[in-house]
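Only one structure is covered here, and it is reproduced in the block below.
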Amino acid sequence: MADNSKITFERGAIVAEHGRIVFAGVEADLPTTPGAETVDCEGRLVTPGLIDCHTHLVHAGNRANEFEMRLGGATYEEVARAGGGIVSSVRALRAATEDHLVRQSLPRLDALLSEGVTTVEIKSGYGLDLQNETKSLVAARRLAAERDVTVRTTFLGAHALPSEANGDKNAYIEKVVEMLPEVARRGLADAVDGFCEGIAFSPEQIARVFDKAKALGLPVKLHADQLSNLHGAALAARYGALSADHLEHTDKEGAAAMAEAGTVAVILPGAFYFIRETKKPPVAFFRKHGVKMALATDCNPGTSPLTSLLLTMNMGATLFHMTVDECLAGVTREAARALGLLADTGTVETGKWADLAIWNVESPAELVYRIGFNPLHSRVWRGK
Ligand code: DI6
Ligand code: FE
Numbered sequence: 033m034a035d036n037s038k039i040t041f042e043r044g045a046i047v048a049e050h051g052r053i054v055f056a057g058v059e060a061d062l063p064t065t066p067g068a069e070t071v072d073c074e075g076r077l078v079t080p081g082l083i084d085c086h087t088h089l090v091h092a093g094n095r096a097n098e099f100e101m102r103l104g105g106a107t108y109e110e111v112a113r114a115g116g117g118i119v120s121s122v123r124a125l126r127a128a129t130e131d132h133l134v135r136q137s138l139p140r141l142d143a144l145l146s147e148g149v150t151t152v153e154i155k156s157g158y159g160l161d162l163q164n165e166t167k168s169l170v171a172a173r174r175l176a177a178e179r180d181v182t183v184r185t186t187f188l189g190a191h192a193l194p195s196e197a198n199g200d201k202n203a204y205i206e207k208v209v210e211m212l213p214e215v216a217r218r219g220l221a222d223a224v225d226g227f228c229e230g231i232a233f234s235p236e237q238i239a240r241v242f243d244k245a246k247a248l249g250l251p252v253k254l255h256a257d258q259l260s261n262l263h264g265a266a267l268a269a270r271y272g273a274l275s276a277d278h279l280e281h282t283d284k285e286g287a288a289a290m291a292e293a294g295t296v297a298v299i300l301p302g303a304f305y306f307i308r309e310t311k312k313p314p315v316a317f318f319r320k321h322g323v324k325m326a327l328a329t330d331c332n333p334g335t336s337p338l339t340s341l342l343l344t345m346n347m348g349a350t351l352f353h354m355t356v357d358e359c360l361a362g363v364t365r366e367a368a369r370a371l372g373l374l375a376d377t378g379t380v381e382t383g384k385w386a387d388l389a390i391w392n393v394e395s396p397a398e399l400v401y402r403i404g405f406n407p408l409h410s411r412v413w414r415g416k
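All residue numbers for the sequence shown refer to my numbering, where the first residue is 33 and numbers rise by one.
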């Protein structure tokens, strides 16, 4: 666990220049920096800026009515027959203009930023045709221009079957494969994702999408083994995926394959909580085999309407027995790894972006332990 070990400095100091860290260590070793502007953090805890490495935060409308129906005892099928489920989010997104999407998504982004987030991943997957998938990705890129935050976009065309596909999953997957070159040509996606599940797409269908993504030089990641074990973790590992996400039903072979491939396990306790799942991801097994674990909100209107990484950390600890160090690493270093960004952010080290969160707390445990309290003092993105 050497590289998971806690490294904190008492009386630490950080020097940034042109947005990058040029010194991080103890105050006693501080180089002289003539003319530098000094900020006294007055003994506060400074961590890397938080990273939410799995969100669907660009979406239109919400599904509170569906939530209420389910509280009243409605089954998923009844909700779907009443026009609910992912297809209702697809309908809402297709009806929204790009401006409208940006405007609706900003409050969710702002909620994340208010808790010290400096990097966020945003997936498409509610458009399900070229025009609406690209509209979502462009909206995600525009959010980066609206705020001081790094946005990484992921193309999730293989999220659900649109109603116009009339049940033909193979034919829709071919359409997704045809969308990819245009998405890549326009530079709209930093990665490609899929939903490998009985209610979504089979491993063979996902493999079609991954083959095309690889041919275009795009890294892949996968919603794997969330509701059943279709061996999605092993599939992701076989493609050298940056991450496999959810993983409640992942077995030992899948976890071992991830360890071998260096695929990060992205744990999403918000969805586990919200759908009242009882099967937990094999965290102890991941730990034992050195699979890196990240934590993310999965912010989406259907299964995780969550916009708090602090609460996500608390859930990781309480529901899945993750340690404080694992939770904090899960929303910083390992989240950066899950996005392929570890060279640039995720830790406080020389050469990386000066992406920092400054907290009114004394120890990392305080960040994980509170529920519904935000102790952020300030947020620094690229030195600002
Ligand atoms: N897994 C989920 O839990 C969500 N998507 C996914 O791939 C569901 C998204 C939704 O219901 O809107
Ligand atoms: Fe998701």
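Note that beta-carbon positions come from the ideal geometry of N, C-alpha and C, so glycine has one too.
- Per DSSP, the continuous alpha helix (DSSP H) segment holding Pro213 begins and ends at 201-217.
- Taking C-beta atoms under 8 Å as the contact rule, Pro80 and Leu388 qualify, at a distance of about 7 Å.
- In the DSSP annotation of this structure, Ile238 is not part of any beta strand (DSSP E); the continuous alpha helix (DSSP H) holding it starts and ends at 235-247.
- Contact between Gly148 and His191 does not hold, since their C-beta atoms are separated by about 29 Å, which reaches or exceeds 8 Å.
- When distances are taken from the beta-carbon of Asp330 to the heavy atoms of ligand 2, the shortest one is below 7 Å.
- Put simply, the stretch 156-170 touches the stretch 180-190. At least three CB pairs are less than 8 Å apart.
- Rounded to the nearest angstrom, the gap between the Cα atoms of Glu210 and Ala203 is 11 Å.
- Ligand 1 has a heavy atom closer than 7 Å to the beta-carbon of Pro333.
- Distances taken from the Cβ of Ile118 to the heavy atoms of ligand 1 include one shorter than 7 Å.
- Here DSSP, grouped into helix, strand and coil, assigns Ala106 to coil.
- For Thr79, the secondary structure class from DSSP, reduced to helix, strand or coil, is strand.
- Counted as a single uninterrupted DSSP element, the alpha helix (DSSP H) harbouring Met290 occupies residues 284-293.
- Taking the CA atoms as reference points, Ala349 sits about 12 Å from Leu300.
- Counting along the chain, no alpha helix (DSSP H) covers Met354, and no H or E run does either.
- For secondary structure counted as the alpha helix (DSSP H) over 4 or more consecutive residues, the stretch 140-188 holds these complete runs in sequence order: 162-178.
- Bridge pairing for Val47: Phe55 [DSSP].
- Ligand 1 never approaches Phe41 closely enough for any of its heavy atoms to be under 7 Å from the residue's Cβ.
- When distances are taken from the beta-carbon of His86 to the heavy atoms of ligand 1, even the shortest one reaches 7 Å or more.
- Taking C-beta atoms as the reference points, Lys253 and Ser275 count as a pair closer than 8 Å.
- Exclusion of His50 from the 7 Å shell around ligand 2 follows from its C-beta lying no nearer than that to any non-hydrogen atom of the ligand.
- In terms of Cβ geometry, Met347 and Tyr305 form a close pair [threshold 8 Å].
- About 17 Å separates the Cβ atoms of Ala289 and Ala316, ruling out a contact at the 8 Å cut-off.
- For the options Leu141, Arg76, Glu381, the alpha carbon positioned closest to that of Thr151 is the one of Leu141.
- The residues Val209, Leu212, in chain order, have a CB closer than 7 Å to that of Lys244 in the same chain once the five nearest residues on each side in sequence are set aside.
- Not a single heavy atom of ligand 1 lies less than 7 Å from the C-beta of Phe405.
- At least 8 Å separates the beta-carbon of Leu343 from that of Val363.
- Excluding residues up to 5 positions away in sequence, Ala287, Ala288, Ala291 lie with their Cβ nearer than 7 Å to the Cβ of His321 in the same chain.
- Closest in alpha carbon position to Thr382, among Phe41, Gly57, Ala361, is Gly57.
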